[in-house]
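> The structure is given below, and queries will be raised subsequently.
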Amino acid sequence: MYSAHNVYYAYRRARQKFSVKTYLLLFLWLILALVQWVVVCLVESIRDIFWKHYYISIATFLIAILLFALFLFFENLRFNNVVGFIMSFFIVELQIIATFALVARVYWAEMLMYFFICAVLLFIFVAIGIALPRKMDLTLHVALLFILAFLFLLIAVFFLMLHLIVPECEGYAYVLVQIPISITMLFFVMYHAQTIHGRRFAEMRLHDYCLGSLILFHDFLIIFWLTIYWQVWARLVTPSDWGTTTAKTTASARALDLGDDDFAVDYETKPMYMPKRLNQFRPTSNCETADLTITHDFIPSDNKRLTGVPKDSNWANIWAESKQNPVQNSPASGEGMLDEEPARDPNHQKDNSSPENEVDDMNAADKSSTAEYIFDE
Numbered sequence: 018m019y020s021a022h023n024v025y026y027a028y029r030r031a032r033q034k035f036s037v038k039t040y041l042l043l044f045l046w047l048i049l050a051l052v053q054w055v056v057v058c059l060v061e062s063i064r065d066i067f068w069k070h071y072y073i074s075i076a077t078f079l080i081a082i083l084l085f086a087l088f089l090f091f092e093n094l095r096f097n098n099v100v101g102f103i104m105s106f107f108i109v110e111l112q113i114i115a116t117f118a119l120v121a122r123v124y125w126a127e128m129l130m131y132f133f134i135c136a137v138l139l140f141i142f143v144a145i146g147i148a149l150p151r152k153m154d155l156t157l158h159v160a161l162l163f164i165l166a167f168l169f170l171l172i173a174v175f176f177l178m179l180h181l182i183v184p185e186c187e188g189y190a191y192v193l194v195q196i197p198i199s200i201t202m203l204f205f206v207m208y209h210a211q212t213i214h215g216r217r218f219a220e221m222r223l224h225d226y227c228l229g230s231l232i233l234f235h236d237f238l239i240i241f242w243l244t245i246y247w248q249v250w251a252r253l254v255t256p257s258d259w260g261t262t263t264a265k266t267t268a269s270a271r272a273l274d275l276g277d278d279d280f281a282v283d284y285e286t287k288p289m290y291m292p293k294r295l296n297q298f299r300p301t302s303n304c305e306t307a308d309l310t311i312t313h314d315f316i317p318s319d320n321k322r323l324t325g326v327p328k329d330s331n332w333a334n335i336w337a338e339s340k341q342n343p344v345q346n347s348p349a350s351g352e353g354m355l356d357e358e359p360a361r362d363p364n365h366q367k368d369n370s371s372p373e374n375e376v377d378d379m380n381a382a383d384k385s386s387t388a389e390y391i392f393d394e
């Protein structure tokens, strides 16, 4: 009886040492990850490398998964403490590098905030798992745990597809992806904490402290990876101007509105003789009766001969007819908009207003207008 009592307490001390080693290694992995992720967020040259060459992170992630699978299935790798620690270090380091492509796209303070939130959740549920009574032994009722995980997986996959395919669900669908997966992982955190702490139906072997730390670290990674979506898009503590000093942005490029009169002219082909001023300003009609854009067939000198531009869209033909038939299209008839001319002396010499002279007058007006613009420059 006395010897059995001593054996039990010796086992409890060994189990406590095993738990301390496991959580110390977990703390070491978290500190190692935090330091490197902060460096990636702060050093722009490193951030640019993993921003552009994201496939490095993909390759390291696949290698880490392969090594972790070997570490799980081949127990001989875990029996040797030195080999187990070295292999655990490589797995953790590869997973940290795999996350560089994600943390390179977030602000350092945002990453720190979510990192500590996830770390606090991890240790809270570790403590809850240890404190649960024996009647709530998750290692004994592991089938129920996997059934709940399966149901949460169904919910997460369904809303993930809604989030990716249905634009109307983008506002809330990802929340219903993150919450079920995070709850599932926190259940497994409590399950793994009970296997590490012992005194349950299933316990982890006393030499598997590297395996225990790796499992809890990967639980943390899954919870933390799910928060990167909010780190990139929600930006609770990220400055509004962060990312504008570099050539990277998560927002889509804005198209230039060429409909604006102040800018549209700059992107149109201009004749060689057009003065430089017209490339910057587009003059518009100052008449109250129309809001037409002034072009080369209607130059400012025309305003001196017309009191206003007619409301009819065919104003050019009306103006030409008014020149040929001034009596029919007088202002009194309401059809023309010509200035009223004073009565002329019958003995006065007839004005030579032939079509050829009118064309010459128009050409002269064009040249004088162009000369005025050049003078202004």
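What the sequence shown shows, in our numbering, is residues 18 to 394, in sequence order. Where is the CB? At the ideal position from N, CA and C, for every residue including glycine. Everything numeric in this text was worked out from a predicted model, so none of it was measured.
Taking the Cβ atom as the reference point for each residue, do Ile240 and His209 lie within a distance shorter than 8 angstroms?
No.
> Closest to Cys58 by C-alpha separation, out of Leu119, Leu157 and Trp242, would be which residue?
Nearest option by C-alpha distance: Leu119.
> Inspect the beta-carbon positions of Leu243 and Gln195 and report whether they are closer than 8 angstroms.
Against a cut-off of 8 angstroms, the Cβ pair of Gln195 and Leu243 comes out as a contact.
> Taking the alpha carbon of Tyr40 as the point to measure from, which residue in Leu161, Trp54, Gly229 and Thr212 has its own alpha carbon closest?
Of the candidates Leu161, Trp54, Gly229 and Thr212, the one whose C-alpha sits nearest the C-alpha of Tyr40 is Gly229.
> Tell me the start and end of each unbroken alpha helix (DSSP H) in the stretch 70-103 that is at least 4 residues and wholly inside, in chain order.
Within the stretch 70-103, the complete alpha helix (DSSP H) runs of at least 4 residues are 72-90 and 93-96.
> Excluding the five sequence neighbours on either side, which residues of its own chain have a C-beta within less than 8 angstroms of the C-beta of Val254, listed in chain order?
Closer than 8 angstroms at the Cβ level, and outside the excluded window around Val254, lie Tyr124, Ala126, Glu127 and Met130.
> Can you give me the start and stop residues for the alpha helix (DSSP H) that Leu139 sits inside?
Run containing Leu139: Trp125 to Ala148, per the alpha helix (DSSP H) assignment.
> Could you work out which residue in Tyr25, Ala27, His22 and Val37 is closest to His214 when comparing CA atoms only?
Ranking the options by Cα distance to His214, first place goes to Val37.
> Could you check how far apart the C-beta atoms of Leu43 and Ile113 are, in whole angstroms? I think they sit under 8 angstroms.
Not a contact, Cβ separation roughly 14 angstroms.
> Can you tell me where the alpha helix (DSSP H) with Thr212 in it begins and where it stops?
Residues Val192 to His214.
> Quick one: what's got a C-beta closer than 7 angstroms to Tyr28's C-beta in the same chain, skipping five residues either side?
Closer than 7 angstroms at the Cβ level, and outside the excluded window around Tyr28, lies no residue.
> Below 8 angstroms between beta carbons: does that hold for Ile103 and Phe88?
Going by C-beta atoms, Ile103 is not nearer than 8 angstroms to Phe88.
> Please report the straight-line C-alpha distance between Leu149 and Asn23, rounded to a whole angstrom.
Distance between the alpha carbons of Leu149 and Asn23 is about 26 angstroms.
> Less than 8 angstroms separating the beta-carbons of Ile145 and Met202?
No, they are not a contact pair.
> Buried or exposed: where does Ile198 fall if 16 or more other Cβ atoms within 10 Å of its Cβ makes it buried?
So Ile198 ends up on the buried side.
> Can you have a look at His180 and say buried or exposed, based on whether 16 or more other CB atoms are within 10 angstroms of its CB?
His180 should be labelled buried.
> Using beta-carbon positions only, say whether Ile134 and Leu111 come within less than 8 angstroms of one another.
Not in contact: Ile134 and Leu111 (Cβ atoms no closer than 8 angstroms).
> What did DSSP end up calling Ala219 once you bin it into helix, strand or coil?
In this structure, Ala219 counts as coil in the three-state DSSP scheme.
> I need the DSSP call for Thr263, collapsed to helix, strand or coil.
Any reading at Thr263 must be qualified, since the residue scores a pLDDT of 43, below 50, and its modelled position is unreliable; no value is offered.
> At a cut-off of 7 angstroms, is Phe205 close to the ligand ZN when judged by its beta-carbon and the heavy atoms of the ligand?
With respect to small molecules bound, the structure shown includes none, and the ligand ZN cannot be examined in it.
> Do you know how far the Cα of Glu92 is from the Cα of Gln211?
Each residue's Cα considered, the two are about 21 angstroms apart.
> How big is the Cα-Cα spacing for Gln248 and Tyr191?
Taking the straight line from one Cα to the other gives about 13 angstroms.
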